[in-house]
Structure formats: structure tokens, C-alpha cells
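*Asks:* Protein sequences appear in the order of chains A and B. Using the numbering used here, read the first sequence as starting at 1 and increasing by one per residue. Using the numbering used here, read the second sequence as starting at 1001 and increasing by one per residue. Every residue gets a Cβ at the ideal spot worked out from N, C-alpha and C, and that includes glycine. What follows is a structure written as C-alpha cells; I'll ask about it next.
There are 2 protein chains.
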Amino acid sequence: MSATTSTQIRLASYPVGEPGDDSYETAVADLPELGDGQVLLRTIYLSLDPYMRGRMSTAKSYAAPVQLGDVMVGATVCEVVESRSDKRAVGDVVLAYTGWQTHAVVEARETRRLDPAAAPVTTALGVLGMPGFTAYGGLLEIGRPQPGETVVVAAATGPVGSAVGQIAKVKGARAVGIAGGAEKCRVLVEELGFDAAVDHRSPTFDEDLKAATPDGIDVYFENVGGHVTEAVVRRLNRFARVPVCGLVAWYNATSAPEGPDQLPAFLRKVLTLSLTVRGFIQDEFVPTHHRSFLEDMAGWIADGSVRYQEDIVDGLENAPEAFRGLLRGSYTGKLLVRVGEDPTRPRA
Amino acid sequence: MSATTSTQIRLASYPVGEPGDDSYETAVADLPELGDGQVLLRTIYLSLDPYMRGRMSTAKSYAAPVQLGDVMVGATVCEVVESRSDKRAVGDVVLAYTGWQTHAVVEARETRRLDPAAAPVTTALGVLGMPGFTAYGGLLEIGRPQPGETVVVAAATGPVGSAVGQIAKVKGARAVGIAGGAEKCRVLVEELGFDAAVDHRSPTFDEDLKAATPDGIDVYFENVGGHVTEAVVRRLNRFARVPVCGLVAWYNATSAPEGPDQLPAFLRKVLTLSLTVRGFIQDEFVPTHHRSFLEDMAGWIADGSVRYQEDIVDGLENAPEAFRGLLRGSYTGKLLVRVGEDPTRPRA
Chain A
1 MSATTSTQIR LASYPVGEPG DDSYETAVAD LPELGDGQVL LRTIYLSLDP
51 YMRGRMSTAK SYAAPVQLGD VMVGATVCEV VESRSDKRAV GDVVLAYTGW
101 QTHAVVEARE TRRLDPAAAP VTTALGVLGM PGFTAYGGLL EIGRPQPGET
151 VVVAAATGPV GSAVGQIAKV KGARAVGIAG GAEKCRVLVE ELGFDAAVDH
201 RSPTFDEDLK AATPDGIDVY FENVGGHVTE AVVRRLNRFA RVPVCGLVAW
251 YNATSAPEGP DQLPAFLRKV LTLSLTVRGF IQDEFVPTHH RSFLEDMAGW
301 IADGSVRYQE DIVDGLENAP EAFRGLLRGS YTGKLLVRVG EDPTRPRA
Chain B
1001 MSATTSTQIR LASYPVGEPG DDSYETAVAD LPELGDGQVL LRTIYLSLDP
1051 YMRGRMSTAK SYAAPVQLGD VMVGATVCEV VESRSDKRAV GDVVLAYTGW
1101 QTHAVVEARE TRRLDPAAAP VTTALGVLGM PGFTAYGGLL EIGRPQPGET
1151 VVVAAATGPV GSAVGQIAKV KGARAVGIAG GAEKCRVLVE ELGFDAAVDH
1201 RSPTFDEDLK AATPDGIDVY FENVGGHVTE AVVRRLNRFA RVPVCGLVAW
1251 YNATSAPEGP DQLPAFLRKV LTLSLTVRGF IQDEFVPTHH RSFLEDMAGW
1301 IADGSVRYQE DIVDGLENAP EAFRGLLRGS YTGKLLVRVG EDPTRPRA
């Protein structure tokens, strides 16, 4: 007999600044009876991603905010525990978008079945999922790195940044990663194959970045903002491309930072260097690039060109604290919350 | 017997803020004997353009600064008064780049002969010259206006802005011009065929802009910066394109403006709206677009689709004051200095 309730973490208030515990409420909801074509899912992994901070705000964006009282959104890997669809069988492991909860009833067609034999199921939330596709689409469609060019990415050990740097290497470019702390920088060079790594927390960050980019910067994959952006912009070459994918350093900002106003100098750089600055969300590249992404990335993982790291936090109740850590840069790899047992990878 | 001297306005010091009279010095230089292939030119018109402010600065840019003691640069329309080239005859009127002076000796091949019967020779400095091509290349290659979209341009009565709006109309878009003062706004709608005009000096500028762009803004051709940019950015639609052509409002700025820092909010707009912000200078489009520009623009002038206005100031000695007026927005049309008599258009 399967669960008929779901433990849920819901949005209790729109946070100002860092989302505290009072931004959330935990509740147990009764689940509906399954209708035709529906499945009951048990959450195995919940993906935590920076974009979620944007959904906790009513500021105009590309996606509607989470409504107060609604379950926090998020991609998940789940096990089918009950099915009224001939497309999904009990025991199937699927990719879904059921959010911060232990169980959910959804249409079977809204899930994608995963093959645990082809790749660890967690990769569907990382390197073979939305973060990997974000890197692939933004880098190849906007960044367009050429052999010998220099590609810089921050949050470089994370699921997007690590894919950006490694895809840049596949394309023959020099990959320079920016990360916080010596250990992450070591991971970049020794484990992920970046050509150089720069610690943005170092007091010599500007000089270190300069030394790591002797020929300037041709592509800056922007996913952090803040002082990293300011330093990188000074190193951009003529005709450099800046895919703008995220600005996590500013997501918790409660007001415009104090001056001086950097916008005039930034636009002057755009003008005098013929820069291309292009925001995107990965959805827009799905029709044109998703098929090639799945083929290319699976191949790059298989041949060792692209490696990935994961940080797994146990227990749905720890998601709020883990999410704060994500925004602070406390994790090295792709952050996942293990909500329930993983039948494909039993714990030792 | 032709002149063997040239009266020149040279750069005396790099200005801080608005270039005062002490930024310039006037001198009379002896000209060299003509070598083979060279011509002696007498300046008829000197073009004054905002980019010259950038050349009066040692800040890194796409072009080297004018060196102290050198003649101020600029495009000119000249008459050939002596020739040692079989390519140019005495009496030819040519486009050259001889700067702020009355005469110059140059290679004949560095000039382009103009046909006064085909178009007024002043158009080679305006609508059929660099400003017109700047509008054409930036709007069509980066802005890519689609039928029914809304295109906004500031400094809209000027040589670049007026061409941007009128080309946008040719392409089926709605053209909204921003200018300073009621008279310029009248010119935009009544004489240049814009769909709407907005006075950026009005206390109700933000509301007026909103009323003039009921469907938002799809293309913002950026050539001013300042508070106009801030207001326009709030009206941009998803996937809007922003060709960055100039930032004249900030050219005389002596330091970064006081805060708050607008850069984070700007980049957030870029991200959430998938904006394309792309700086350019017209040179980069010459190989791909200059031939079609000359054909298209000549046709549009002939059929009345594109009209132009000129402001002509008499006397080289008045160039410094005229240039200050240009940066302040004191002129309506393309600003020219008449340095010497125009044989193609004798004064009444």
C-alpha cells in the first residue's frame, strides 16, 4: 500500500534578502486518488538551483513566482509507486518537476523515464539535465568559443560552470574557472581539467585573473555578478561575448548597491569593444539544441571529456539550509537533496 | 597659385569634462610640396560628430586618441585645388578625412569623388555617409526590426537617429523618437514621419514614453545613455535588442556617477528578458553592408522614405563652440562647419 500523503515544504512568505526558515512552512497534504494516466511518485532526489531564489520574489521575471502557500518548485528524480498509465510501471525511475515534497500525483506524460544503466539517475538533474543544457546552449549559441580563445566562467565547480569550462575545452578554447577558496580551485585544475583557476576571495583576485588570462577574455559566461563581473569586464577583448545566465551574487540583494554607478562604464565597454551581452534561459534553446545536447554530452561523459561532481544533502527538512548554502557558495558540485532511498544506488 | 599653408585647429590638452577653448590651439602650418599621386585639398565642410569626444581622451577605445599638438580629426568634403594624380582633377569635390583645417595634402586614393548632381555633397557626411551607415548597419544587423515591432531611438533628429527611425518605418516597424524640446519633437513627427516623439526634458518623460510605446519596446538603438536609457530599459520586451552606438550623455563625465549602482538591475533585465545588448562601430559592417547601404539609402532618399536635416555653422574658428553645442544637444540635424565656399551650392 502506497503513501496517500505528502510532506511538503511550502513558501510561507517572500523573503527579503537571504531566505530564512520563516520563509518556509512544512505541512502534510492528502494526495488525490489517481486518475487515468496518472502516477504516484516518491521523491528520491530534489535538485536545488539558484533560479529558485527568483521564484521566491514577485519581481517581474521570465517565470511566475511561487504563490504563498504553494509547494516550492524544483526538478526531482522519483520512483513510480503506483500507476494508472501504461507508459510508466511501478518501480520506474523518472525525471519530474514535483518540487520540495516527498510524494506527488502527476500525469505520467509529464515525466521522463530514466535508464539507470545508461547513467546515474542524478545526472538527469545535473550534467545531463537543466544545468548541463544551460551550459551547452548558452556557451555554444551565444558564447561561440573558437579554438585558442579564452573562456572564463565563475561558480566554476558548480553544475553549470563546470560544464561550461569542459565544453570550452572540447571546442579548443582555454578554460579559466573562478571559484571561492583554494579547494575549489584545486578541483577545477586537478579534477575538471581547467587550464587555470582563480580564487575570487583572494585579496589578489584582480592580479590573479590577469595572470590567468594573458590574452584577455573572449567569452565570459556570466552566472554570478558582483565583484567578479567587474574584474572580468576589465579583461574582455574586442568582440567578446557575454552569455548572461545568472547573477547569484545579487539574488539576495534587498536594494540597489551603493554607488558609484557602474552602468555608464559598463555600457562604454560594450560600445568601445563591440561586446555582445545576451541574457538567456535554457528553455529558448530546447527546440534547436536539446537533441544535440543529449548526444554530445553523453558522448563527452563517456569519453571522459566532461566530468561532474555532486553534493548530496540528506533529508527534505534540510533543504532550506542547503539552499542558503547554495546561494552562499558553500558547495562544490551539483547540489541535491536526497529525500528518500535511491533504489539504483543503495547506501553503503 | 594655390595655398601652401593650412589654418589648423589642434588638440592642445585632453579635456576634463566639456572641452573648453583651452583644449584647442589654432596654428598655421606650411604644407609640403605635392608628391606623385597626391592632391592639395581645400576644405568646404567639416563634419562634427560625437565620436570625436572619445578621440580627445586617452581612455582605451576602438581608436587611438588624437595626440597633443595634432590636428583634430574629422571627415570633410573638400575641393581639389591642385593634383598630381590622374585620378583626381582640379575642381573635383571629394570626401576626405582631413580634420579641422582649411587645407591638406593627401594621397588621391584616400579620397572619394562625389557627384554633386546625384546628391548634395553634404550628404556624404550625413545620411549617405558615416552617420547614415551607422544607423543602417546597427539597426539592420543588430536591431533587426520586424514588422509591427516598436523601435525607439534617442537624439532622434540627429543624423544617426533620424535615419534609424525612418529605416525602421521602411521595415514596417513603429518608430518612436526621443529628443530634447518641443520643436525637435515636432520635427520628428511632422517632418521625419516618426509615429511618436517624446521630449526627454519633460517632467512627465517616463509617463510620456510609456504612452508612446503601448506594446513595449523591441529595439532600442542606444546613442545617448543617461536617464533616457534608464527609462527605456524599463519598457523593453522579452528578446529586445539594444544596439549600442554611442553614449553622448556620458562623454563629458569626469567620474562614475553617484549611486545607486544601476548595473545589477540592468544585468538582471538582460537576464530575465533575454535581452541582446551589442556594441558596435560602423567599420565592422563595411565589408558586409556598405554596398547595399549605398543602394538602399539612395533609393529611400529618392522616393522620400528617408529625409534629412542639416545645421551648418560658418567658419572653422567656430568649430569648438559648435562641438560643445553638439554634445549638449543644441542642434536639430546633421552638424557641419562650412570652412570655405561651396562651389556646388553658392550662398545667396
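(1) Could you tell me which residues DSSP pairs with A:A175 in its beta bridges?
(2) Which residues in the same chain as A:G279 place their Cβ atom closer than 6 Å to its Cβ, once the five residues preceding and following it in sequence are excluded?
(3) Which residues, in order along the stretch 266-282 of chain A, keep a beta-carbon less than 9 Å from a beta-carbon of chain B?
(4) Measure from the C-beta of A:M1 to each C-beta in chain B and report whether the shortest distance is under 7 Å.
(5) Assuming A:G225 and A:A240 make a contact with CB atoms under 8 Å, what is their CB distance in whole Å?
(6) Under 7 Å, do A:T213 and A:V187 count as touching if we go by C-beta distance?
(7) Which value, in whole angstroms, describes the spacing of the CA atoms of A:L247 and A:P131?
(8) Given a limit of 7 Å on CB to CB distance, which residues of the stretch 106-119 of chain A reach chain B?
(9) Alpha carbons only, please: which of B:G1180, B:E1110, B:V1286 and B:A1197 is nearest the one belonging to B:F1133?
(10) Please tell me whether B:D1208 and B:V1198 are closer than 7 Å, where the distance is taken between their beta carbons.
(11) In chain B, which residues lie with their C-beta within 7 Å of the C-beta of A:V244?
(12) Under a three-way DSSP split, which group does A:M1 fall into?
(13) Put B:Q1282 into one of helix, strand or coil per three-state DSSP.
(14) Output yes or no for whether 7 Å exceeds the beta carbon distance between B:D1036 and B:R1084.
(15) By how many angstroms is the C-alpha of A:A155 removed from the C-alpha of A:K171?
(16) Report buried or exposed for A:G17, applying the criterion of at least 16 other Cβ atoms within 10 angstroms of its Cβ.
(17) Tell me which residues share the same chain as B:G1193 and place their Cβ nearer than 7 Å to its Cβ, disregarding the 5 neighbours each side in the sequence.
(18) Taking 7 Å as the CB-CB limit, is B:P1257 close to chain A?
(19) Exposed or buried, what is A:R112 when buried is set at 16 or more other beta-carbons lying within 10 Å of its beta-carbon?
(20) Listing by chain order, which chain A residues have their CB less than 7 Å from the CB of B:K1210?
(21) With distance defined between alpha-carbon atoms, name the residue in B:L1275, B:R1345 and B:D1049 nearest to B:G1161.
(22) Is there at least one Cβ from chain A nearer than 7 Å to B:Y1014's Cβ?
(23) Does the stretch 1006-1015 of chain B touch the stretch 1174-1189 of chain B, meaning 3 or more C-beta pairs lie closer than 8 Å?
(24) Quick one: what's got a C-beta closer than 7 Å to A:L275's C-beta in the same chain, skipping five residues either side?
(25) Are there 16 or more other CB atoms within 10 angstroms of the CB of B:P1116, so buried, or fewer, so exposed?
(26) Select from A:D70, A:A59, A:L41 and A:G216 the residue whose C-alpha is nearest the C-alpha of A:S23.
(27) Rounding to the nearest angstrom, what Cα-Cα distance links B:R1109 and B:T1005 in this structure?
(28) Closer than 8 Å is the cut-off here; do at least three beta carbon pairs connect the stretch 1039-1055 of chain B with the stretch 1332-1342 of chain B?
(29) Can you check whether the C-beta of A:D261 is within less than 7 Å of a C-beta belonging to chain B?
(30) Quick check: the stretch 1256-1264 of chain B against the stretch 1294-1308 of chain B, are there 3 or more CB pairs under 8 Å?
(31) Buried or exposed: which applies to A:V77, given that a residue is buried once 16 or more other Cβ atoms fall within 10 Å of its Cβ?
(32) Which residue comes first and which comes last in the beta strand (DSSP E) that contains B:L1040?
(33) Can you check whether the C-beta of B:Y1062 is within less than 7 Å of a C-beta belonging to chain A?
(34) Using CA coordinates, which residue listed in A:E190, A:E191 and A:H200 is at the minimum distance from A:I178?
*Replies:* Working from what's here:
(1) A:V151
(2) V244
(3) F266, L267, R268, K269, V270, L271, T272, L273, S274, L275, T276, V277, R278, G279, F280 and I281
(4) In this prediction, A:M1 scores a pLDDT of 43, lower than 50, which makes its location untrustworthy; the coordinate-derived value is nonetheless stated afterwards. By this cut-off, A:M1 is not an interface position.
(5) Going by Cβ atoms, the distance from A:G225 to A:A240 rounds to 17 Å, so no, they are not a contact pair.
(6) no
(7) 15 Å
(8) none
(9) B:V1286
(10) yes
(11) L1267, V1270 and L1271
(12) Confidence at A:M1 is low in this model, with a pLDDT of 43, below 50, so its placement is unreliable and the value that follows should be read with caution. Correct three-state label for A:M1: coil.
(13) helix
(14) yes
(15) 20 Å
(16) exposed
(17) Q1166 and K1169
(18) yes
(19) exposed
(20) By Cβ distance, chain A contributes nothing, its closest Cβ being about 15 Å from B:K1210, past 7 Å.
(21) B:D1049
(22) no
(23) no
(24) L236, A240, V242 and K269
(25) exposed
(26) A:D70
(27) 22 Å
(28) yes
(29) yes
(30) no
(31) buried
(32) Q1038 to S1047
(33) yes
(34) A:H200
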